[in-house]
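In structure tokens form, the structure reads like this:
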């Protein structure tokens, strides 16, 4: 039984290493120490913190795509908010045509909403959504989600669009933190 668990861990770590070679920014693998038990919050506790260079707002990915971002950094641990949390929004673009919008968490493990797309927007089921790089929190070009459905309602100004996250958010054991920007260092008061 232990061998099976070790083989699964080995496969996950190999996938992260393979993804790490495709990432152009500096990364570090972190183990997930805890998952928030509150069903209305989607947070993780990571086993690295400010002593390892982690900073608030830092992007987190796995082998398949964007996972979330650091929201609170302690000395030895950090809290991360997943992209599916109802309090999270992420600027994205459609990989096929560059159409930009915002992906908003729904609180459901397998769904993001794109509430700000007009009915005539060029988006369709199967489109890959990637980070746009706008806002500075997430570097451009990382997979976020795949569009599930697009429902155009003639009486409404916006289409009903939802997507499935690219990352396996319910199966995470390890994640990668991305250092695409230097963390801001606070100056001591003199």
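In this note's numbering, the protein residues as written are 1 to 190. From the three backbone atoms N, C-alpha and C, an ideal C-beta is built for every residue, glycine too.
Of the residues 107, 133, 136, the one whose Cα lies closest to the Cα of residue 38 is 107. Spanning the alpha carbons of residue 138 and residue 54 requires a straight line of approximately 14 Å. A straight-line Cα-Cα distance of about 25 Å links residue 59 and residue 126. Secondary structure within the segment 85–151: not one fully enclosed alpha helix (DSSP H) run of 4 or more consecutive residues is present. Within the same chain, and ignoring the five residues on either side of residue 73 in sequence, the residues whose Cβ sits closer than 7 Å to its Cβ are 49, 50, 54, 55, 56. DSSP places residue 165 inside the beta strand (DSSP E), whose first and last residues are 160–165. Under the three-state reduction of DSSP output, residue 155 falls in the coil class, being neither helix nor strand.
Note on residue 34: under 16 other CB atoms within 10 angstroms of its CB, so exposed under the neighbour-count rule. Residue pairing by DSSP places residue 73 opposite 78 in a beta bridge.
In the three-state reduction of the DSSP assignment, residue 173 falls in the coil class. Around the CB of residue 154, fewer than 16 other CB atoms lie within 10 Å, so the residue is classed as exposed.
Counting the other CB atoms within 10 Å of its CB gives residue 97 a total below 16, which places it among the exposed residues. Taking 7 Å as the cut-off, the Cβ atoms of residue 103 and residue 90 count as close. Contact check between the segment 81–88 and the segment 61–68: three or more CB pairs, one atom from each, fall below 8 Å, which counts as touching.
Residue 175 sits buried, since 16 or more C-beta atoms from the chains shown fall within 10 Å of its C-beta.
When rounded, the separation of the alpha-carbon atoms in residue 157 and residue 30 is 42 Å. For residue 177 and residue 163, the gap between their C-alpha atoms comes out near 23 Å.
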